[in-house]
Amino acid sequence: MRPSPDNGDLAPKQRVQDEIRRDIILGTLPAGTRITETALAKKYGISRVPVREALHALEAEGFVESKPFAGSTVCAIPVDDADDLFAVREALESATARRAAEQAAAQFASGAPDERWWRIRKELAKILDDGDVAVQRDELHRLPELNMRFHLGIAELSGSASLAGLLRQIANKIEWLYASDVGSRGKQAWAEHRAIMAAIDAGHSGDAEGAMGRHVHKSREGYMRRFSGK
Numbered sequence: 022m023r024p025s026p027d028n029g030d031l032a033p034k035q036r037v038q039d040e041i042r043r044d045i046i047l048g049t050l051p052a053g054t055r056i057t058e059t060a061l062a063k064k065y066g067i068s069r070v071p072v073r074e075a076l077h078a079l080e081a082e083g084f085v086e087s088k089p090f091a092g093s094t095v096c097a098i099p100v101d102d103a104d105d106l107f108a109v110r111e112a113l114e115s116a117t118a119r120r121a122a123e124q125a126a127a128q129f130a131s132g133a134p135d136e137r138w139w140r141i142r143k144e145l146a147k148i149l150d151d152g153d154v155a156v157q158r159d160e161l162h163r164l165p166e167l168n169m170r171f172h173l174g175i176a177e178l179s180g181s182a183s184l185a186g187l188l189r190q191i192a193n194k195i196e197w198l199y200a201s202d203v204g205s206r207g208k209q210a211w212a213e214h215r216a217i218m219a220a221i222d223a224g225h226s227g228d229a230e231g232a233m234g235r236h237v238h239k240s241r242e243g244y245m246r247r248f249s250g251k
């Protein structure tokens, strides 16, 4: 599960890459914004070399577009790409929820859940509580990161390294989609997490799979309705 941001001990390139990506995801650097190495180096208090390296990496991730003699521009997620991401999420996360429920049933049946499983489950409880507080205080800007940590936590709880690894590969893009729609769907989507967690804790694999699938599908439908113009 991804920890809370704390980039002080990262290499300069990785640190600035994470910070630029974070600003893109949260809309501090909106789609269409022209960005330069000089301006970013000043903004993040770093030399231009790691900024240049970070921009190349972010271009490969699809967050930035760079053109010769024109500099770099923050990308927008194409609607078709967003629909594809949601389709992948729906299949992938339904499977992680089903596996997580099976793992929970096995852990509780043993009478003594193992330390790693229990640590992840306690962290998920804290994430849910933190999200509830954010919703109550209308601090919706906190939800995209908490949302992604919740979903990655479920993947970790599943015990499947393959499923968790696949989700991590698209985690930043998922967070970007969530952040762009958090004002419309954020509160409702967050409330749905409790039902998913309850089904997992009960060891009801079919219910957990169905709850997660509906959760992602609702987000997909809402996003496409608001951003595709259909």
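Residue numbers for the sequence shown follow the numbering used here, so the first one is 22 and each next one is one higher.
Backbone N, C-alpha and C define an ideal beta-carbon position, used for all residues, glycine too.
Since Leu-113 contacts Leu-173 with CB under 8 Å, what's their CB separation in whole angstroms?
Within the sequence shown, numbered from 1, the residue matching residue 113 stands at position 92. Within the sequence shown, numbered from 1, the residue matching residue 173 stands at position 152. That belief does not hold up - the Cβ atoms of Leu-113 and Leu-173 are roughly 12 Å apart, past 8 Å.
DSSP three-state assignment for Gly-92, whether helix, strand or coil:
Along the sequence shown, one-based indexing puts residue 92 at 71. Of the three classes helix, strand and coil, the one that applies to Gly-92 here is strand, per DSSP.
Helix, strand or coil for Glu-86 per DSSP?
Position 65 of the sequence shown, counting from 1, holds the residue named residue 86. Looking at Glu-86 - three-state DSSP - the assignment turns out to be strand.
So, with DSSP's three-state summary, where would you put Arg-158?
Position 137 of the sequence shown, counted from the start, is the residue given in the question as residue 158. Arg-158 falls in the coil class under three-state DSSP.
Go ahead and pull the three-state DSSP assignment for Ile-56.
The residue labelled residue 56 in the question sits at position 35 within the sequence shown. Ile-56: strand per DSSP, three-state reduction.
Suppose the cutoff is 7 Å on Cβ atoms and the five residues either side in sequence are ignored; what does the same chain contact list for Thr-59 look like?
Taking the sequence shown and counting its residues from 1, one reaches residue 59 at position 38. Arg-69, listed in sequence order.
Do Gly-83 and Thr-57 come within 8 Å of each other at the CB atom, strictly closer than that value?
In the sequence shown, the residue the question calls residue 57 occupies position 36. In the sequence shown, the residue the question calls residue 83 occupies position 62. Their beta carbons are not under 8 Å apart, which means Thr-57 does not touch Gly-83 by this criterion.
For Arg-247, which residues in the same chain have their Cβ closer than 7 Å to its Cβ, ignoring the five residues on either side in sequence?
As a working note, residue 247 is residue 226 in the sequence shown. Apart from the 5 residues on each side of it in sequence, Arg-247 sits with its Cβ closer than 7 Å to the Cβ of Asp-202 and Ser-205 in its chain, given in chain order.
Pair within 8 Å by beta-carbon distance, Met-245 and Asp-104:
Position 224 of the sequence shown, counting from 1, holds the residue named residue 245. Position 83 of the sequence shown, counting from 1, holds the residue named residue 104. It is a contact, given that the beta carbons lie within the stated cut-off.
Do Ala-122 and His-238 have their C-beta atoms closer together than 8 Å?
Within the sequence shown, residue 122 is the residue found at index 101, counting from 1. Within the sequence shown, residue 238 is the residue found at index 217, counting from 1. 8 Å or more divides the Cβ of Ala-122 from the Cβ of His-238.
Assigned exposure category for Val-196 - 16 Cβ within 10 Å defines buried:
Here residue 196 refers to the residue found at position 175 when the sequence shown is read from its first residue. With the sequence shown as reference, residue 196 is identified as Glu, and Val is not the correct amino acid for it. The residue is buried, with at least 16 neighbouring Cβ atoms inside 10 Å.
Run through DSSP, which three-state label would Asp-202 get?
For the purposes of this step, residue 202 is identified with residue 181 of the sequence shown, where counting begins at 1. It is coil, neither helix nor strand.
Quick check on Gly-152: does DSSP put it in helix, strand or coil?
The count along the sequence shown starts at 1 and reaches residue 152 at position 131. Residue state, collapsed to three classes: helix.
Excluding sequence positions up to five away, which residues of its chain have a Cβ less than 7 Å from the Cβ of Ser-115?
In the sequence shown, residue 115 corresponds to position 94, counting from 1. Glu-230, Met-233 and Gly-234, listed in sequence order.
Helix, strand or coil: which one does DSSP assign to Ala-32?
Within the sequence shown, residue 32 is the residue found at index 11, counting from 1. It is coil, neither helix nor strand.
Quick one: is Pro-165 buried, meaning 16 or more other Cβ sit within 10 Å of its Cβ, or exposed?
On the sequence shown, residue 165 is found 144 positions in, with the first residue counted as 1. Result: buried.
Rank Pro-99, Trp-211 and Asp-101 by C-alpha distance to the C-alpha of Asp-150 and give the top, closest one.
Position 129 of the sequence shown, counted from the start, is the residue given in the question as residue 150. Distances from the CA of Asp-150 to each of Pro-99, Trp-211 and Asp-101 were compared; the closest alpha carbon is that of Trp-211.
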